[in-house]
Amino acid sequence: MFTKFSASAIILALVGSAVAQCNTGSLQCCNSMQNYNSTTVANLLSPLDVVLQGLTGQAGITCSPITVLGGGLESNCDAHPVCCIDNSRGNLISLGCIPFSLG
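Numbering (mature numbering (1 follows the signal peptide of the UniProt record, and there is no 0)), first residue to last: -20 to -1, 1 to 83.
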């Protein structure tokens, strides 16, 4: 029984650390994802004087950081789990977002 418990704890620790980290940027949960040329993104970014040239991925709208504490990825984000390179505008809009999955 102790062996099963230890193996489960190790697996959970490995999965938890994988969920908590992105290769680029930080793990976010966004209510919606938009292309940079969408009207929504243009309206949000126009007063902020943001240069989109060279950015890849999409813009995440209304995003919040994901932490693994208290459950797995599914229990922490029921919308769009993504890795975003620019979260400097609070939770309004994140840039350079790409989908994140464990698989």
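Glycine residues also receive a C-beta, built at the ideal position from the N, C-alpha and C atoms.
Per-residue burial, residue 76 [other beta carbons within 10 Å of its own, 16 or more giving buried]: Working through the sequence shown from its first residue, we reach residue 76 at position 96. Residue 76 should be labelled buried.
- request: Tell me whether residue 34 is buried or exposed, calling it buried when 16 or more other Cβ atoms sit within 10 Å of its Cβ.
  value: On the sequence shown, residue 34 is found 54 positions in, with the first residue counted as 1. Under this definition residue 34 is an exposed residue.
- prompt: If you count every other CB in all the chains shown that lies within 10 Å of the CB of residue 74, and 16 or more means buried, which is it?
  reply: The residue you call residue 74 lines up with position 94 of the sequence shown. Burial call: buried.
Cα-Cα separation, residue 39 to residue 78: Mapped onto the sequence shown, residue 39 falls at position 59. Mapped onto the sequence shown, residue 78 falls at position 98. Roughly 9 Å separates the two Cα atoms.
message: Within the continuous alpha helix (DSSP H) that includes residue 42, where are the two ends?
response: Indexing the sequence shown from 1 puts residue 42 at position 62. Note, residue 42: premise wrong, no alpha helix (DSSP H); beta strand (DSSP E) at 38 to 45.
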